[in-house]
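In this note's numbering, the protein residues as written are 11 to 182.
Just below is one structure, and these are the notes that go with it.
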């Protein structure tokens with residue numbers, strides 16, 4: 011197949027992404043944030059952002075099941091954003107947090123590359139390329155605007171985390 015004729019893809023962020031994939035990224039974001047906060051210990055404000063992420067993700071999954079793809083994608087994006095806020099707020103993003111996010115994105119990207127291996131599918135290759143581009147964008151923003159690099163780095167981390175998860179599940 012040359013990728014034409016599947017009418018269920020939503021054009022999301024300029025790329026034709028399946029709403030199911032966007033929802034999976036939300037799931038990965040919530041899982042990753044939960045894992046990090048469990049290790050680091052979360053305060054009440056962080057817990058409330060994480061709870062908002064979990065709720066947005068629940069709504070995304072409901073919308074997906076109901077066939078409301080636009081709403082599913084919107085809620086899953088919101089879940090990713092709320093999960094990021096749980097990690098870097100309160101108090102704004104510090105230079106240390108930005109550095110930590112860069113290190114996280116790079117480590118997860120390396121895991122994803124290893125998990126996917128030498129012959130990725132088209133979707134895997136696309137996601138890896140997207141994560142790599144986000145890491146580059148995040149790095150260049152960090153050198154010029156500091157903390158604004160965190161958002162693309164988080165997206166890269168989430169994409170990479172999802173790729174590794176999907177690979178784990180498919181090789182069972």
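Where a beta carbon is used, it is the ideal one built from N, C-alpha and C, also for glycine.
Nearest-angstrom Cα separation, counted from residue 86 out to residue 37:
8 Å
Do you know whose CA, among 152, 72, 54, lies nearest residue 82's CA?
72
Restricting to Cα atoms, I'd like to know which of 32, 57, 142, 99 is closest to residue 88.
32
Element boundaries [alpha helix (DSSP H), containing residue 121]:
105-126
In or out: residue 170 buried (at least 16 other Cβ within 10 Å) or exposed?
buried
Does the region 95-107 come close enough to the region 45-61 to have 3 or more Cβ pairs within less than 8 Å?
yes
Quick one: what does DSSP say residue 99 is sitting in, helix, strand or coil?
coil
Between which two residues does the alpha helix (DSSP H) harbouring residue 57 extend?
54-75
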